[in-house]
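Numbering (my numbering), first residue to last: 89 to 289.
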């Protein structure tokens with residue numbers, strides 16, 4: 089989705105390497121998620137929760153592309169700081185309107201507070217700082233390919249916690265790695281522009 093937006097909004101060229109990267113990466117993710125049973129994907133039921141997730145993914149991809157285009161004078165640290173600040177204010181107001189956050193915080197056990205602290209510091213602040221650094225150096229299109237590692241890392245964590253893996257999940261992991269390497273230009277493939285759209289700024 090991010091690569092498509094960079095083509096439509098930023099005029100980025102879809103080269104052979106990037107196309108193969110997306111193809112390998114998507115195939116690998118589908119194998120990891122389905123555990124090799126691709127036919128199960130045909131029987132998935134789409135509900136309102138899935139639509140919300142797709143909408144969130146669209147907004148995230150659009151933010152990556154627009155930040156690359158318009159946020160040129162800000163450092164990744166400044167971008168992360170303002171993103172987190174406005175996000176915290178917005179979510180804080182929404183939680184006060186629709187939820188009862190103070191009661192939930194007061195009644196939560198210590199483990200919940202520790203887990204939330206990890207999410208805030210490691211999974212949000214530090215992760216987004218690294219992410220915006222990557223976008224600044226690689227561009228939104230190339231950086232987005234690394235998101236294919238999310239299910240792969242989930243699979244590795246499952247392995248470390250004693251869950252069994254099958255051969256198709258390992259094949260999917262290899263495909264994801266090939267996708268990232270292809271998009272990064274590791275393979276010497278003639279970089280032919282498959283799609284190129286002029287960007288009007």
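We put the beta carbon where it would ideally sit given N, CA and C, even for glycine.
- Secondary structure at residue 132: coil, using DSSP grouped into helix, strand and coil.
- In the DSSP assignment, residue 164 falls within the alpha helix (DSSP H) that extends over 164-186.
- Sixteen is the threshold: since fewer than 16 other Cβ atoms of the shown chains lie within 10 Å of the Cβ of residue 195, the residue is exposed.
- Straight through space, the alpha carbons of residue 112 and residue 260 are spaced by roughly 9 Å.
- Your pair residue 233 and residue 117 does not check out as a contact, with CB atoms roughly 11 Å apart and the cut at 8 Å.
- Three or more beta-carbon pairs drawn from the stretch 157-175 and the stretch 219-229 are found closer than 8 Å, and the two stretches are therefore classed as touching.
- Between residue 270 and residue 187, the alpha-carbon positions lie close to 46 Å from each other.
- A residue is called buried once 16 or more other Cβ atoms fall within 10 Å of its Cβ, and residue 204, having fewer, is exposed.
- The alpha-carbon of residue 268 is positioned some 19 Å away from that of residue 153.
- Secondary structure note for residue 127: it is in no alpha helix (DSSP H), with a DSSP letter that is neither H nor E.
- Contact check for residue 171 and residue 216: beta-carbon distance about 7 Å, within the 8 Å limit, so the pair qualifies.
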